[in-house]
Each structure stands twice: as structure tokens, then as C-alpha cells.
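Structure, as C-alpha cells:
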Amino acid sequence: MQTVVHILSGDEAEQQTGLAIARNLLEDETDRIDDVAIVVQAEGIATVRTDGDTVDDVEALLEDGVEVSACSNTLEMMDLEESDLLEGVETVPEGAVEVTRLQDEGYAYLRP
Amino acid sequence: MQTVVHILSGDEAEQQTGLAIARNLLEDETDRIDDVAIVVQAEGIATVRTDGDTVDDVEALLEDGVEVSACSNTLEMMDLEESDLLEGVETVPEGAVEVTRLQDEGYAYLRP
Amino acid sequence: MQTVVHILSGDEAEQQTGLAIARNLLEDETDRIDDVAIVVQAEGIATVRTDGDTVDDVEALLEDGVEVSACSNTLEMMDLEESDLLEGVETVPEGAVEVTRLQDEGYAYLRP
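As they're listed, the protein sequences go chains A, B and C. The opening residue of the first sequence carries number 1 in full-length UniProt numbering; numbering runs sequentially from there. The opening residue of the second sequence carries number 1 in full-length UniProt numbering; numbering runs sequentially from there. The opening residue of the third sequence carries number 1 in full-length UniProt numbering; numbering runs sequentially from there.
If you want it as C-alpha cells, here you go:
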């Protein structure tokens, strides 16, 4: 099974819940989760900024094989560069399209 | 691919993100999105009221072929009439059933 | 059709909307909904506590056949026991895995 976690809120509690959920999916003892993806967009982009509060959690998830994608559309609207994002975070043209694509491929959807 | 955006929060930022996401899906340059639907219910109904702050955005989405459905159950509970909603907004008996039906038809789900 | 309602927010309005949506799905007049499940985790666990504000609603849903699952991982992190939860609420090792499993089985996903 595969899961995409969609982080698009500016609420820090929701952002942290999103990262914790991704971690819990990775560590599932029943080993039924094959792949975990995170897509960040809108205010959720704060989660993957180099100057954010969640740097350690995101870097650990990246090291453990979680694919983290950030919305380029959001970067443009917020006047951010890819260099403002943690190394290893990919960009996609539009986060909502990426979330659609992943569900179309069979990923379950979780919105923290 | 097809996507349903579910707007059911009273949070104005979330409502606006929902409409922006629908717009971004429509304008996807890779042209992989065939259909975008919006279902509003609970406090999210404010998004499609004639006296709301998002009239222009919703009217533009309707003109561009987005199907916008409002929950009749919510209308009844809030003492609203169909005439309180923007022209072109359809009603469905229950928003949650409509969102279930669309996912059952293969729509991806996005919750702003 | 089948639907899982995912309650993981500490926001009381969202928790109540989640329970109301489950009720509305049950009472769907078109009778197209065969099964409704609720998964609670993180701050959403408050919804199923014996000392919560939503005891009556949750007990009525349980009586009407809704399967309500609480995340054991959350219980541990919050120092709660199963006896702190309403009778009839099941526990699952990890809420996010359960929500993934249900979607993998064909359940639609609703996040209040």
C-alpha cells in the first residue's frame, strides 16, 4: 500500500501531525506500507523551508526514503527559490496535480 | 484524471485555498486533468453564497466548466434557500454522499 | 459505496462536523452507502473519550453500526488507556495505516 500526505495548511499543529503521520506510516510494524510521499503547497510550504522549525523531521524522512514534493506554483507566489527549500525536496509544477496523480496511481490520501 | 475539492470549513484561508487549487488544476499545463468538481457543505457553504467574498472566483470557475455542488442538508440546517447561492451552483441532497460518489467514480480527493 | 471519516484535529467544530457527516452518510435516502467507518487519531482522539462532549453522538453511531477505530499510538503518546475510550470503540496500532488500508479496500476518504 502507498500513501500521500498532503500538507497545505499554515497551522503548525497540522504540519507537525502531517510529518508525524508520515513517520508512523514508515514505521508500521505490520510492514504493509510500501511507499510514503509528502506533497506540500500553499502555507504548508513552510514545512520544507531551510529556516523552518521542522528541518530535522523532514531531513530524517528524506533519509528514510520518503519522497517530498513542493509546489513550484506556490514558490513563485511566495517569491521563494528552490534554494530556500531543504536539499532533497523535489519540486513539481503544481501540488494539487501531483496529489491527483499519486491517487490515480493508487496512493491513499491523508490530510492532517 | 479527475479531482474533487471538498470545502467544508469556515476558515476563509482554507476556502480560498480550495478555490485556488481548483483554478490551478484547471490551468495545469500538462493537461492531465480532465475534470474538476467542488463540493461545499457545512461552513464551507459560505464560498458559494451570493453575498460572499469569493463570488468572482466561483463565477469564473463555473464559467470554465467546474461543477460546483452545494449540500441541501446544510442549506436546510442554516435556513438558506437555493436563491441564496450563486447561479450555476447545483444542489445535492448530501455533500458527503456526493464526495463519496465522485471518489467511487475515480475522482481524486483534495481537502484544502 | 463505503466511506471513512478521518478525525485527527483538535478543532471541536471539525470534530463535530466529522460526526455529523458520518450520521448523514448513514441516513442517506438514496441508500447507496453500505458502510461508514470513523478513524480517530492525534487530537481527534478527544471525540471518543468517555469524558468528551460528543459521547451521545458517538454512542448512537456505534449502535447504528459505524465502526469507530482509535489509534493506539496516540493513546500511548497521550498516556491514555483503552478504558478512557467509549465502549465499542476498537483500537488499531496506527490510525494512518488503518485509513490507508480502508482506502486500499475501496473506501472513499472524507476529512472534516
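Here a beta-carbon is modelled for each residue, glycine too, at the ideal position from N, C-alpha and C. Predicted, not measured: the structure shown is a model, and the values here were computed from it.
Contact criterion: CB-CB distance below 8 Å. Does residue i meet it with respect to chain F?
{"i": "D31(C)", "result": "The structure shown contains no chain F; its protein chains are A, B and C."}
List, in chain order, every chain B residue whose beta-carbon is nearer than 8 Å to that of residue i.
{"i": "P93(A)", "result": "D28, E29 and T30"}
Using a Cβ-Cβ cutoff of less than 8 Å, which residues in the same chain neighbour residue i once the five nearest sequence positions on both sides are dropped?
{"i": "S69(A)", "result": "A37, I38, V39, V40, V89, E90, T91, V92, G95 and E98"}
{"i": "D64(C)", "result": "L26"}
Below 6 Å CB to CB, which residues in the same chain sit around residue i once its five sequence neighbours on both sides are set aside?
{"i": "R111(A)", "result": "H6"}
{"i": "G10(C)", "result": "E43"}
{"i": "E14(A)", "result": "P112"}
{"i": "Q103(B)", "result": "Y109"}
{"i": "G18(B)", "result": "V5, I7 and P112"}
{"i": "V58(B)", "result": "V48 and L86"}
Excluding sequence positions up to five away, which residues of its chain have a Cβ less than 7 Å from the Cβ of residue i?
{"i": "A42(B)", "result": "L8 and T74"}
{"i": "A22(A)", "result": "V5, V36, I38, L61 and V66"}
{"i": "D51(C)", "result": "none"}
{"i": "Y107(A)", "result": "Q2, T3, V4 and A37"}
So residue i contacts chain A; which residues on that side make the cut at Cβ distance below 7 Å?
{"i": "R111(C)", "result": "R111"}
{"i": "L8(C)", "result": "T17 and P112"}
{"i": "N73(C)", "result": "N24"}
Interface residues of chain C around residue i at Cβ under 8 Å?
{"i": "T54(A)", "result": "Within 8 Å Cβ-Cβ: nothing; T54(A) doesn't reach chain C, min ~16 Å."}
Can you tell which of the options has the C-alpha that lies nearest to the C-alpha of residue i?
{"i": "T47(A)", "options": "R101(A), A108(A) and A20(A)", "result": "A20(A)"}
{"i": "L86(B)", "options": "D53(B), E29(B), Y107(B) and E76(B)", "result": "D53(B)"}
{"i": "V55(A)", "options": "E105(A), D84(A) and Y109(A)", "result": "D84(A)"}
{"i": "V82(A)", "options": "I45(A), E105(A) and Q2(A)", "result": "Note on identity: in this sequence residue 82(A) is Glu, with Val being the wrong assignment. The residue with the shortest Cα to Cα distance from E82(A) is I45(A)."}
{"i": "Q2(A)", "options": "L26(A), D34(A), S72(A) and T17(A)", "result": "D34(A)"}
Taking Cβ-Cβ distances shorter than 9 Å, what residues in chain C pair up with residue i?
{"i": "T50(A)", "result": "Simply none; closest approach about 27 Å."}
{"i": "A13(A)", "result": "S9, G10, A42 and E43"}
Mind pulling the chain A residues with CB within less than 9 Å of residue i?
{"i": "T3(B)", "result": "A96, V97, V99, T100 and Q103"}
Residues of chain B with a CB under 7 Å from the CB of residue i: which are they?
{"i": "I21(C)", "result": "A96"}
Output, in chain order, the set of chain A residues within a Cβ distance shorter than 8 Å of residue i.
{"i": "residue 161(B)", "result": "Any property of residue 161(B) remains undetermined from this structure, which presents chain B solely from 1 to 112."}
Q. Which ranges does the beta strand (DSSP E) cover as unbroken runs of at least 3 residues, wholly within the region 31 to 97 of chain C, from first to last along the chain?
A. DSSP assignment within the region 31 to 97 of chain C yields the following whole beta strand (DSSP E) runs of 3 residues or more, N-terminal first: 35 to 40, 67 to 71 and 90 to 92.
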